[in-house]
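In terms of my numbering, the sequence shown is residues 34 to 525. Here a beta-carbon is modelled for each residue, glycine too, at the ideal position from N, C-alpha and C.
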Amino acid sequence: MRYGWPVSKLKPVDIQGNASHPCRGRSPNDNSGENYYLARKSNALSFRDIEECKAMCSATARWEFNRRCTGIEWSPGRCELWQVMIEAVNPAVSTCGSNHRSLIRPGICQTHHFSFTMRFWWLALSSLTSQGIRVQESEGLQRLVGNCIQPWLPDETACSARSMREMPSLPEDAVYTVEYASSPISSNGLKSLSQLLSFTHSALVITEAWQTSAEQTVPSALLFEYFARDFGPKAILPASISEGGVPMWENQAVVGWRLASDKAEWLQGANRTAVGTATGKILNQWFREVVLWGKRHPGYNLFNLWDSTDAATRKSYMGDSVCHSFTEWSLQDLFRLGADFLVQRPLCRNYFSFITDESPTKLNLTTRADSQTVAEFYKRLEPLTSQSFRDIAEFASNLLSVIKGETWERQAAAAAAAANSAVSSRRPEVVLFQRGLEDSGGGEYFRADLVKPYFGVQPRQLAQRMILPWQNIPTNIDGECESQILRTLTPW
Numbered sequence: 034m035r036y037g038w039p040v041s042k043l044k045p046v047d048i049q050g051n052a053s054h055p056c057r058g059r060s061p062n063d064n065s066g067e068n069y070y071l072a073r074k075s076n077a078l079s080f081r082d083i084e085e086c087k088a089m090c091s092a093t094a095r096w097e098f099n100r101r102c103t104g105i106e107w108s109p110g111r112c113e114l115w116q117v118m119i120e121a122v123n124p125a126v127s128t129c130g131s132n133h134r135s136l137i138r139p140g141i142c143q144t145h146h147f148s149f150t151m152r153f154w155w156l157a158l159s160s161l162t163s164q165g166i167r168v169q170e171s172e173g174l175q176r177l178v179g180n181c182i183q184p185w186l187p188d189e190t191a192c193s194a195r196s197m198r199e200m201p202s203l204p205e206d207a208v209y210t211v212e213y214a215s216s217p218i219s220s221n222g223l224k225s226l227s228q229l230l231s232f233t234h235s236a237l238v239i240t241e242a243w244q245t246s247a248e249q250t251v252p253s254a255l256l257f258e259y260f261a262r263d264f265g266p267k268a269i270l271p272a273s274i275s276e277g278g279v280p281m282w283e284n285q286a287v288v289g290w291r292l293a294s295d296k297a298e299w300l301q302g303a304n305r306t307a308v309g310t311a312t313g314k315i316l317n318q319w320f321r322e323v324v325l326w327g328k329r330h331p332g333y334n335l336f337n338l339w340d341s342t343d344a345a346t347r348k349s350y351m352g353d354s355v356c357h358s359f360t361e362w363s364l365q366d367l368f369r370l371g372a373d374f375l376v377q378r379p380l381c382r383n384y385f386s387f388i389t390d391e392s393p394t395k396l397n398l399t400t401r402a403d404s405q406t407v408a409e410f411y412k413r414l415e416p417l418t419s420q421s422f423r424d425i426a427e428f429a430s431n432l433l434s435v436i437k438g439e440t441w442e443r444q445a446a447a448a449a450a451a452a453n454s455a456v457s458s459r460r461p462e463v464v465l466f467q468r469g470l471e472d473s474g475g476g477e478y479f480r481a482d483l484v485k486p487y488f489g490v491q492p493r494q495l496a497q498r499m500i501l502p503w504q505n506i507p508t509n510i511d512g513e514c515e516s517q518i519l520r521t522l523t524p525w
């Protein structure tokens, strides 16, 4: 109970053999507002369970220098994060039970105030350092847990990065290791397009390397990623096409960040490459750029439009917007801001690139001809969503067949006809959708005629290195990432 509350109205509860002690409240100073922070979450119904409040304390190492969450006071709908261990540092610690005296595991105290339940939970000091994010400013905790907006996915725990209010703040003098993490999956058996998209991903991991506090034994780590609301076919193809021939898109995407420990299982199986280091000052500057990048990329887009299949020398007319796009841009931007990156070995990623020799033309859906062009193109792609593929290369080959007008029913006939007649002079075309900027709604369509090879379907074209400004790219890099396609389904 708090100091000053009328003890006669409280009924102590027997907790671990201590039936007659309040949980805390030895002096007026115990209740000082400087000692606790009232946690808030975007969901007004949060903190119905004490476990939510305990988890928030566990995830918060400190919100000011030399301050940290050491315990909570919880009641339904309210969670106070305390900065001092009031009873746990004096003989009255026994009020929370003998097991808590050793600080081996958390202790819970509970009292009943009429029908109102209060629980006081002191977090074991030994578990704090492995679960917290270090933030520099007093409002940092609010950005972490108060203004964190979980983007769309029901089971998604990431915080969106759509404004600086939703971003973390790091000590400027701390040094962090920057890692590129990707998790491929084996290519055994047939997989639907939905499975190909759902089980491949990449991200950037920021881990404190040189700690500014001697108290911290386990470094803090954050994970940054870009993901679509739906990693199935909806991420790259229209969810449906209306009776009027208008494609309906659900390819919304967002940059998110989280404690790396929240994705421990994924990271355990991921390939992680230490790229170099960056200071907290550089990372805080990068956070501002991340917000802007996310606003410019509100929609997931699998495809590039290039003038060749070579990532190192190509001219780009339209770029993709996938998880790899974000991690590649992030590494480039961090280096520009002053990060110390030295790794020279290739960081491989996937590219899905249509090939043209001219700038694409913007289509006007208010005209019948352009509207028909869009509708017919995406109707041809619909069968891809129900097919199964052994790997990315097979998916790319089938996509190319559709673009060339060789549907599954016509492939055999087209092959025979090609052997006995002249090739049609009509060039294959591609129509790409570019989602409108955040909050603007809608989007735009662009059309381009394709030139051979039309689409990069070879393993050496599908998997290539990221183009990073500090690397000395060798003359002959053709096929250096090819094995990733042959053995696995690498991240998109």
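Considering only the beta carbon of each residue, do Arg198 and Gly327 sit closer than 8 Å?
-> Going by C-beta atoms, Arg198 is not nearer than 8 Å to Gly327.
Short check: CB of Leu226 to CB of Pro201, under 8 Å?
-> Against a cut-off of 8 Å, the Cβ pair of Pro201 and Leu226 comes out as no contact.
At least 3 beta-carbon pairs within less than 8 Å: the stretch 341-352 vs the stretch 204-216 | no
To the nearest angstrom, report how far apart Phe368 and Thr312 are at their CA atoms.
-> 11 Å
Could you pull out every unbroken beta strand (DSSP E) segment of at least 3 residues lying fully inside the stretch 309-368, listed in chain order?
-> 337-339 and 349-351
Beta-carbon contacts of Asn509 that lie in its chain and below 7 Å, excluding the five residues immediately before and after | No residues qualify anywhere along the chain.
Which value, in whole angstroms, describes the spacing of the CA atoms of Thr400 and Ser349?
-> 28 Å
Trp503 - DSSP class collapsed to helix/strand/coil = coil
Answer yes if the stretch 313-321 comes into contact with the stretch 352-359, meaning at least three C-beta pairs across the two stretches below 8 Å, and no otherwise.
-> By the criterion of at least three beta-carbon pairs nearer than 8 Å, the stretch 352-359 is not in contact with the stretch 313-321.
Under a three-way DSSP split, which group does Glu513 fall into?
-> coil
Three-state secondary structure (DSSP) of Tyr259 = strand
Whole-angstrom distance between Glu85 and Glu113, CA atom to CA atom | 11 Å
If you pair each beta-carbon of the stretch 260-279 with each one of the stretch 422-439, do three or more pairs fall below 8 Å?
-> no
Cα separation between Tyr478 and Phe466?
-> 5 Å
Sorted by chain position, which residues of the same chain lie with C-beta nearer than 8 Å to Arg460's C-beta, five sequence neighbours on each side aside?
-> Asp482, Leu483 and Val484
8 Å contact criterion, which Thr210 and Ala307 should meet: CB distance rounded = 6 Å
Where Gly179 and Cys381 are concerned, what is the direct C-alpha to C-alpha distance, given to the nearest angstrom?
-> At Gly179, the pLDDT of 41 sits below 50, so the modelled position is not reliable; the number obtained from the coordinates is stated separately. Between Gly179 and Cys381, the C-alpha separation is close to 37 Å.
For Gly309 versus Asp373, is the C-beta spacing smaller than 8 Å?
-> yes
In whole angstroms, what is the alpha-carbon distance linking Pro204 and Gly489?
-> 44 Å
If we count the other Cβ atoms within 10 Å of its Cβ and call it buried at 16 or more, is Thr144 buried or exposed?
-> At Thr144, the pLDDT of 30 sits below 50, so the modelled position is not reliable; the number obtained from the coordinates is stated separately. Thr144 comes out buried.
Got a sec? Which residues, its chain only, sit under 6 Å from Phe320 by beta carbon, not counting five neighbours each side?
-> Answer for Phe320: Met200, listed in chain order.
From which residue to which residue does the beta strand (DSSP E) around Gly497 run?
-> It is Gln, not Gly, that sits at residue 497 in the sequence shown. Segment Ala496 to Arg498, the beta strand (DSSP E) holding Gln497.
Reduced DSSP category for Val376 - H, G, I as helix; E, B as strand; rest coil | coil
Can you grab the Cα-Cα spacing for the pair Arg498 / Arg413, in whole Å?
-> 31 Å
Which value, in whole angstroms, describes the spacing of the CA atoms of Pro507 and Cys514?
-> 13 Å
If you draw a straight line from the C-alpha of Tyr411 to the C-alpha of Arg378, how long is it?
-> 39 Å
When the Cα atoms are used, what is the spatial distance from Arg329 to Leu470?
-> 6 Å
If you run the structure through DSSP and keep just helix, strand and coil, what is Tyr478?
-> strand
Beta-carbon proximity of Phe359 to Val288, cut-off 8 Å | yes
Beta-carbon gap between Phe385 and Ala429 smaller than 8 Å | yes
So, helix, strand or coil for Trp282, using DSSP?
-> coil
May I ask you to report which of helix, strand or coil DSSP gives Arg467?
-> The residue you asked about is not Arg; residue 467 is Gln in the sequence shown. Here Gln467 sits in strand by DSSP.
Identity of the residues DSSP links to Cys192 by a beta bridge | Trp290
Where Lys87 sits in the DSSP three-state scheme = helix
Where Asn383 falls: helix, strand or coil (DSSP) = Here DSSP, grouped into helix, strand and coil, assigns Asn383 to strand.
Is it right to say Asn334 is buried, meaning 16 or more other beta carbons lie within 10 angstroms of its own, or is it exposed?
-> Within 10 angstroms of the beta-carbon of Asn334 lie 16 or more other beta-carbons, which makes it buried.
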